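Student:
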Amino acid sequence: RGITLSNIMTFHVFLDNCFSTSPSTIDMRMKKVARNIIKKIKNFDNKLTLKIYRRLYDSQIHRSFIFSRTFRPNQQYLMDFSYKNLSYLIKSQDLLSHMQDLELDEGKIVGFQWLGPHFLTFLKYVGKWRFRFERINELLEHLDDSASDCILYGENEHYNNFLEIVFSFMPRIREFFTSPYPLQLLDTDEVVAPGKIYFLLETIGELLNCRTDSSLLVSNQVKVLLKELKSLLFASSDIMRRIIKEVGKSIATIIFVMQENQKDNIFTEFEAVYNEAGLFLHSFFFTADLVNMTKMDLAISVLLERIEIVKVKIKDYVIAISMKMNCRIERLQVAEGPSEVSSSQDKSISAESPSEASSSQDKSISVVDEMIVGLEDMTTEVTSRLLGGPSYRQIISIVGMGGLGKTTLAKKIYNDSNVRYYFDKLSWCVVSQTYQKRKLLVDILSSLSNLSNHQISDKKDEDLAEYLYKSLIGRRYLIVIDDLWDICVWNDLRRYFPDDKINRSRVLFTSRLKNLASEISHVIIEPLPLSPSESWKLLEKNVFKKERCPQELLHIGEQIARYCRGLPLSIVMIAGVLSNMEKKENLWQKVAENLSSYIFQKADEYIPILKLSYMHLPNHLKPCFLYLSAYKEDEDILVQKLLLLWIAEGLIEKKVHKSLEDVAEEYLMELINRSLLQVSKRRFDNGVKACSLHDLVLDMCWKIAEEENFLFQHEFLLSKHRHRLFRDWSHHLSKDLSIFYNLENIKIFDRGHEYLLRFSVLGDLRYLIIHSLELSIRSLQNLEFLHVKFMNPIPRYLLNMPKLRHLHVGISSLPRRFQKNCYSSDISRISSLQTLCYVYIDDSESEEILRSLPNLRKLKCTSPHNFCPDLSVLTRLETLTMAFESRFEGDYSVINFPTNIKKLTLSNLALPWKKMSLVGTLPNLEILNLEDEAFEGEIWNTEEDEFQKLKFLQLERLGLEQWNSSNDHFPVLEGLLLSDCEKLDKIPSEFSNIPTLQKIEAYGCGENVESSALQIQEEQLDYGNEDFEVTISTESLR
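Residue numbers (UniProt numbering): 1 to 1038.
(1) Within the chosen definition, does the segment 697–706 reach the segment 629–636 through at least 3 CB pairs nearer than 8 Å?
(2) Take Leu578 and list the residues in its own chain whose beta-carbon comes closer than 6 Å to its own, dropping the five residues that flank it on each side.
(3) Just tell me which of Thr510, Cys837, Ala934 and Pro498 has its CA closest to the CA of Phe792.
(4) Who are the Cβ neighbours of Arg385 in its own chain at under 7 Å, not counting the five residues just before and after it?
(5) How many whole angstroms separate the CB atoms of Phe884 and Leu909, which I take to be in contact at a CB cut-off of 8 Å?
(6) Could you pull the DSSP bridge partners for residue 1096 from this structure?
(7) Check the DSSP bridge columns for Phe428 and list the partner residues they point to.
(8) Please classify Arg132 as buried or exposed, where buried requires at least 16 other C-beta atoms within 10 Å of its C-beta.
(9) Count Cβ pairs between the segment 426–433 and the segment 470–484 that sit closer than 8 Å; are there 3 or more?
(10) Buried or exposed for Met581, please, with buried defined as at least 16 other CB atoms from any protein chain shown within 10 angstroms of its CB.
(11) Determine contact between the segment 569–577 and the segment 648–662, defined as no fewer than three beta-carbon pairs at a distance below 8 Å.
(12) Could you pull out every residue in the same chain whose Cβ sits closer than 7 Å to the Cβ of Leu765, ignoring the five residues on either side in sequence?
(13) Report yes or no: do three or more beta-carbon pairs, one from the segment 543–559 and one from the segment 417–427, lie closer than 8 Å?
(14) In or out: Glu964 buried (at least 16 other Cβ within 10 Å) or exposed?
(15) For Glu510, does the three-state DSSP call read helix, strand or coil?
(16) Mark Ser844 as exposed unless 16 or more other C-beta atoms lie within 10 angstroms of its C-beta, in which case mark it buried.
(17) From Pro864 to Asp891, what distance separates their C-alpha atoms?
(18) Under the three-state reduction of DSSP, which class applies to Ser343: helix, strand or coil?
(19) Name the residue from Pro854, Trp913, His694 and Phe285 whose alpha carbon lies nearest to the alpha carbon of Lys406.
(20) Among Asp932, Leu856, Phe935 and Phe867, which has the Cα closest to the Cα of Pro898?
(21) How is Val688 classed by DSSP in three states: helix, strand or coil?
(22) Does the segment 997–1013 come close enough to the segment 970–989 that 3 or more CB-CB pairs lie under 8 Å?
(23) With a threshold of 6 Å on Cβ separation, who are the neighbours of Asn967 within its own chain once the five nearest residues in sequence on each side are excluded?
(24) In angstroms with no decimal places, state the Cα-to-Cα distance between Ser391 and Pro498.
(25) With DSSP as the reference, please indicate the residues paired to Ser772 in a beta bridge.
(26) List the residues that DSSP assigns as beta-bridge partners of Ala1002.
(27) State buried or exposed for Pro802, treating a residue as buried only when at least 16 other CB atoms are found within 10 Å of its CB.
(28) Let me check understanding here. Comparing Cα to Cα, which of Phe888, Glu943, Leu928 and Leu677 lies closest to Glu936?
(29) Rounded to whole angstroms, what's the CA-CA distance from Ile647 to Thr942? Just pull it up for me.
(30) Would you mind stating whether Val839 and Ser872 have Cβ atoms separated by less than 8 Å?
(31) Once you ignore the five residues that flank Asp1027 on each side, which residues in its own chain have a CB closer than 8 Å to its CB?
(32) Whole angstroms are fine: how far does the CA of Asn686 sit from the CA of Gln455?
(33) How about the segment 454–474 and the segment 436–444: do they share at least three Cβ pairs that are nearer than 8 Å?
(34) Across which residues does DSSP place Arg682 in a beta bridge pair?
(35) Can you tell me the Cβ-Cβ gap for Asn900 and Asp870, rounded? I've got them flagged as a contact below 8 Å.
(36) Do you know whose CA, among Leu762, Lys858 and Glu666, lies nearest Arg805's CA?
What follows is the structure, encoded as structure tokens:
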């Protein structure tokens, strides 16, 4: 077309010269030439040509165009640049209108509107897999030439030719949706590369995401199909890859075992259903005939059913493999897709308990540190019943007398790796003798769903029940109901546990009542008492741990074990007595003589043996133990609160150079070591978070407390006797408030109502929890612990209470308008204060008040974005939580932490990672929690001589991308927790060389973090660290 065509020819001559130079100079020269061409043709009327050239220059598509049109060095360039050319042409806003202007076939234009975006997505997929699809290169080359002709000339014949080639692609694409290439990799002994599988799944998802036409009624069903197909792909490939790592077997070996174990090959069935789904997806995305929606809906329904069947069979086959190879599939998670690793409460496969794995995960059973002897055969029998048997929902019961080990057996089975893998949903709940329907529903839902405690508490009972039913229907579930006493409980709950007839769901319960089990169970399991040899084995393990019993104690030890009549609980309790006395024969002989006097007339007369463990307690521990009678059956006892209550009651003896809190913790550990208290929850740093009592131990505690008049209930409000506990009783209030005048001896006022303080003289009160504080409590001069939910600012007189040791408030300001010459002397009177949570520090005055608290050991504070308090003078401070309202923007040089800090939590401090030495060089730091941009930046390089005593490290919601570290930088690290560190590329591989490391937990982090954690675990196991734990979930901790 005249001068325009001449310019184009000049352009090509220049390009021929360009290719004689290095490719790196091409882009610069082409930009210059394109700019000159545009200047030359800008005065002409050929707007289409001008628009094309401007697009070529502005979007830099010209570089791709030139390569594909003029220079074809290899197939890689062909694939990459063809996609860019087609993307430019197909996405052009003028393309459809130009095709209409040229009066092309309307059917082709409509079809292209549907196929175009899908075709581009497919080309992107093919580009990544070019080495497998060489047979279509010739067709792509032809299409590339056609696209170039459309861009250059734009004639009718060029666009017609382009559409013809595009439509000819559609049948050829079909084969890519009917060959599961990721599975073909399983024919070798190589571990499947997950990235290739992920990419295939992502491409299928992108085919749907690129669709903007929301009028298609079938779109939602297709989304469901895609999700299930992803789940199926992962179930067949990722699980196999992980099993290889766990059991050290090749894929060929595993497939051989599977084929020997099952008549049908699971891969054949998988391939069939995959191909069927692939054909459907090809029809949906790459044909323009979408009229018959009814048939498409029916096809999707059939496919979804088939996928579910294959998924169940895959699980069954994997279980069969692990049993056939006599191996355990431990610390493994079943993923629903590439970015949907299952939550720990649904499918986490771990030999350890969920509650021990993380302090923040309360959706699990309370697991006690128990040694199990004599239950191996019973465990195998119950496990086989759960994993095998009929396809309908089956009820299995474990029945026997108290102390026989029913709950221990159920917990062992519940935590078995094969069991946790086999079931989609698992939940543990405790009924006990007092049945509360709502509490039971809440307990079950807490472990089954992702609902928060707030969301659950807002629902009515019928809504909870409905939600429970919907969360279980169509899933293979296991519900464990511990300590069932009344058949009415089961009759009330059974309708919420759906029976789908085909998915092998199970309900397992424990009970002491065989007649109850006979009415509702399909299978009844009755554990037997331990044999004499098993009894001695359990006793020896609990007394001597990993050592052997001395020869001189062997005979008397076996005799003591026989006297326990095969009851595991009795054996453990007596072991607690023996382990805390000198290992001398005459002392053990006295224990044996005491036991021999108890001749059981009935099988459950266990109280004398349990009472013997109480009688052997030191005098200082007896009142602490009896204090536990104030708690209910199956109630979790929060340790920190229990210690404060013991102190408030005066049950803790003072020791030189030790705080009362430290002594109280020693008492607690003594009771745990004697098996009178059981650990039910641990924090991430392995500290005891909550305890519980076996129901038989609690029965004994109640009886002894009643015999010794240790605790009064009900009538105590009117009594003049000594009162110990005043817990939450506001729902029992009487209009006659005169009953409150006799409370002068009350020491504990727990969750009471403020206005009761008007009518009572509480001069001996030590412990007070109250909602708000409008009245003055200055008369409570013996108060040691105060928790007020709403109070701001803190009243000045509180700082003058000489015995106050612990002050917990909502975020409150410290008192104002102090005289500078007097407030220091006022504050000096509260030198007993050890805990202050949560205070707002926003200026030098409040900072100065804090500095005047010399005995402060624990502080939680928050500050504005422009002020950071200097706390370096608090030389006894051991625990510090410091948060900022928003990102800190003050002077970093003022940040200075006390050198005695052992536990530090920082939030929104926004320090650069290079300033980590402010924290890393703290000489006594053992626990560090960094959250919400406590530090910012992409790279953290740890330095030498940092974190020399750090045992536990938590990183939460940080933008860290690269972490470079050495095992020398964390020489005694025991635990690492990562949460919502989505950008982090991996955990430093050097962590595999830290000899003290025991566990890694990752929540809501990327796949690379997961892979690096598993790699560290594998190397730790190679070094002989068999107790190393890895917990991974896509769910956040918060």
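Each residue gets a CB set at the ideal place from its N, CA and C atoms; glycine is no exception.
Just so you know, these numbers come straight off a predicted model, no measurement behind them.
Tutor: The relevant details are as follows:
(1) Taking a cut-off of 8 Å on C-beta distances, the segment 697–706 touches the segment 629–636, as three or more cross pairs fall below it.
(2) Numbered from 1 along the sequence shown, position 578 holds the residue referred to as residue 578. Hits under 6 Å: Val543.
(3) For the purposes of this step, residue 792 is identified with residue 792 of the sequence shown, where counting begins at 1. According to the sequence displayed, residue 792 carries Asn and not Phe. It is Cys837 whose Cα lies nearest to the Cα of Asn792.
(4) Taking the first residue of the sequence shown as position 1, residue 385 is located at position 385. Contacts found: Ile396 and Val523.
(5) Taking the sequence shown and counting its residues from 1, one reaches residue 884 at position 884. Taking the sequence shown and counting its residues from 1, one reaches residue 909 at position 909. Going by Cβ atoms, the distance from Phe884 to Leu909 rounds to 6 Å, so yes, they are a contact pair.
(6) In the structure displayed, the chain extends from 1 to 1038; residue 1096 sits before or after that span and is not available.
(7) Here residue 428 corresponds to residue number 428 of the sequence shown, with the count starting at 1. This sequence places Trp at residue 428; Phe is not what is there. For Trp428, DSSP records a beta bridge to Val480.
(8) Position 132 of the sequence shown, counted from the first residue, corresponds to residue 132. Summary for Arg132: the model assigns pLDDT 48, below 50, so the residue's position carries little reliability; its value from the coordinates is reported in the next sentence. Flag for Arg132 reads exposed.
(9) Segments in contact, yes.
(10) The residue labelled residue 581 in the question sits at position 581 within the sequence shown. Met581 is exposed by the Cβ-count criterion.
(11) Too few Cβ pairs lie closer than 8 Å, so no.
(12) The residue labelled residue 765 in the question sits at position 765 within the sequence shown. For Leu765, where only same-chain residues beyond five positions count, the Cβ hits under 7 Å are Ile746, Lys747, Phe749, Leu780, Asn782 and Leu783.
(13) The segment 543–559 is not in contact with the segment 417–427.
(14) In the sequence shown, residue 964 corresponds to position 964, counting from 1. The amino acid occupying residue 964 in the given sequence is Asn; Glu does not appear at that position. Asn964 should be labelled exposed.
(15) Position 510 of the sequence shown, counted from the start, is the residue given in the question as residue 510. Just to set this straight, residue 510 is Thr in the shown sequence, not Glu. Here Thr510 carries a strand assignment [DSSP, helix/strand/coil].
(16) For the purposes of this step, residue 844 is taken as the residue at position 844 of the sequence shown. By the Cβ-count criterion, Ser844 is exposed, with fewer than 16 other Cβ atoms from all chains shown falling within 10 Å of its own Cβ.
(17) Stepping through the sequence shown from its first residue, residue 864 is reached at position 864. Stepping through the sequence shown from its first residue, residue 891 is reached at position 891. The C-alpha of Pro864 lies about 13 Å from the C-alpha of Asp891.
(18) The residue labelled residue 343 in the question sits at position 343 within the sequence shown. Confidence at Ser343 is low in this model, with a pLDDT of 32, below 50, so its placement is unreliable and the value that follows should be read with caution. Under the three-state reduction of DSSP output, Ser343 falls in the coil class, being neither helix nor strand.
(19) Position 406 of the sequence shown, counted from the start, is the residue given in the question as residue 406. With distances taken between Cα atoms, Lys406 lies closest to His694.
(20) Taking the first residue of the sequence shown as 1, we reach residue 898 at position 898. The shortest C-alpha separation from Pro898 is found at Leu856.
(21) Within the sequence shown, numbered from 1, the residue matching residue 688 stands at position 688. Under the three-state reduction of DSSP, Val688 is assigned to strand.
(22) Between the segment 970–989 and the segment 997–1013 there are three or more C-beta pairs closer than 8 Å, enough to call the two in contact.
(23) Within the sequence shown, the letter at position 967 stands for residue 967. Excluding sequence neighbours, Asn967 sits near Glu990, Asn993 and Ile994.
(24) Taking the first residue of the sequence shown as position 1, residue 391 is located at position 391. Taking the first residue of the sequence shown as position 1, residue 498 is located at position 498. Put simply, the backbone Cα of Ser391 is about 13 Å away from that of Pro498.
(25) Here residue 772 refers to the residue found at position 772 when the sequence shown is read from its first residue. DSSP, once it has assigned bridges, lists Phe790 as partnering Ser772.
(26) Taking the sequence shown and counting its residues from 1, the one referred to as residue 1002 is at position 1002. DSSP lists Leu978 and Ile1032 as the bridge partner or partners of Ala1002.
(27) Here residue 802 is taken as the residue at index 802 of the sequence shown, counted from 1. Exposed, because fewer than 16 other Cβ atoms sit within 10 Å of the Cβ of Pro802.
(28) Residue 936 sits at position 936 when you count from the first residue of the sequence shown. The option with the nearest alpha carbon to Glu936 is Phe888.
(29) By 1-based counting over the sequence shown, the position of residue 647 is 647. By 1-based counting over the sequence shown, the position of residue 942 is 942. Using only the alpha carbons, I get a separation of about 42 Å.
(30) The sequence position of residue 839 within the sequence shown is 839, counting from 1. The sequence position of residue 872 within the sequence shown is 872, counting from 1. The answer is no: Cβ separation not under 8 Å.
(31) Sequence index remark: in the sequence shown, residue 1027 carries index 1027 (1-based). Apart from sequence neighbours up to five positions away, the residues of its chain that approach Asp1027 with a beta-carbon distance below 8 Å are Gln998, ordered along the chain.
(32) The residue you call residue 455 lines up with position 455 of the sequence shown. The residue you call residue 686 lines up with position 686 of the sequence shown. Per the coordinates, the alpha-carbon of Gln455 lies some 29 Å from the alpha-carbon of Asn686.
(33) With a cut-off of 8 Å, the segment 436–444 and the segment 454–474 count as touching, because enough Cβ pairs lie within range.
(34) The count along the sequence shown starts at 1 and reaches residue 682 at position 682. Under DSSP, Arg682 takes part in a beta bridge, and its partners are Val688.
(35) Position 900 of the sequence shown holds residue 900. Position 870 of the sequence shown holds residue 870. The Cβ separation is near 15 Å, so there is no contact.
(36) Numbered from 1 along the sequence shown, position 805 holds the residue referred to as residue 805. Cα-wise, what sits closest to Arg805 is Lys858.
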